[in-house]
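The next block holds one structure in the form of structure tokens; read it before the comments.
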Amino acid sequence: MKISEKNEGTAYPFWIIIDPEQNFKTGSDGIHRIASMITGVWFSREAAEEFLEKTRYNFSKNARVYCHSGYHSRDWVKLCSTLKSLKS
Numbered sequence: 036m037k038i039s040e041k042n043e044g045t046a047y048p049f050w051i052i053i054d055p056e057q058n059f060k061t062g063s064d065g066i067h068r069i070a071s072m073i074t075g076v077w078f079s080r081e082a083a084e085e086f087l088e089k090t091r092y093n094f095s096k097n098a099r100v101y102c103h104s105g106y107h108s109r110d111w112v113k114l115c116s117t118l119k120s121l122k123s
């Protein structure tokens, strides 16, 4: 597993693919529709972009790789710290 050192200006980054729907509306099923627009999580932008490229047929032309910070998730911080210590 490759952990990216390119954090794009955020602590404890992770990458997702966001594929927004056109004319998105919220409603009683809003959270499910939002969740259906998100794929991932990856430890590097390169891995997420490779997945998107290889499975492009599953996504719209608007799908993009996006970096988020896991700084506020104690579990994510612990996981990233553990993986980095194993890498050393």
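Sequential numbering from 36 applies to the sequence shown in the numbering used here. Backbone N, C-alpha and C define an ideal beta-carbon position, used for all residues, glycine too.
Contacting residues, own chain, Cβ-Cβ under 7 Å from C102 (five flanking each side not counted): For the purposes of this step, residue 102 is identified with residue 67 of the sequence shown, where counting begins at 1. Answer for C102: E43, T45, P48, W50 and R80, listed in chain order.
Of the choices E84, K89 and I53, whose alpha-carbon is the least far from that of M72? Mapped onto the sequence shown, residue 72 falls at position 37. When each option's Cα is compared against that of M72, the closest is I53.
Output the distance between the C-alpha atoms of E32 and R99, rounded to the nearest integer angstrom. In the structure as shown, the chain begins at 36 and stops at 123. Residue 32 is therefore absent and cannot be evaluated.
Cβ-based neighbour list, C115, same chain, cut-off 6 Å, excluding 5 preceding and 5 following: As a working mapping, residue 115 is identified with position 80 in the sequence shown. Contacts found: Y47.
Integer Cβ distance of E56 from R68, believed to fall under 8 Å: Along the sequence shown, one-based indexing puts residue 56 at 21. Along the sequence shown, one-based indexing puts residue 68 at 33. Confirmed, about 7 Å.
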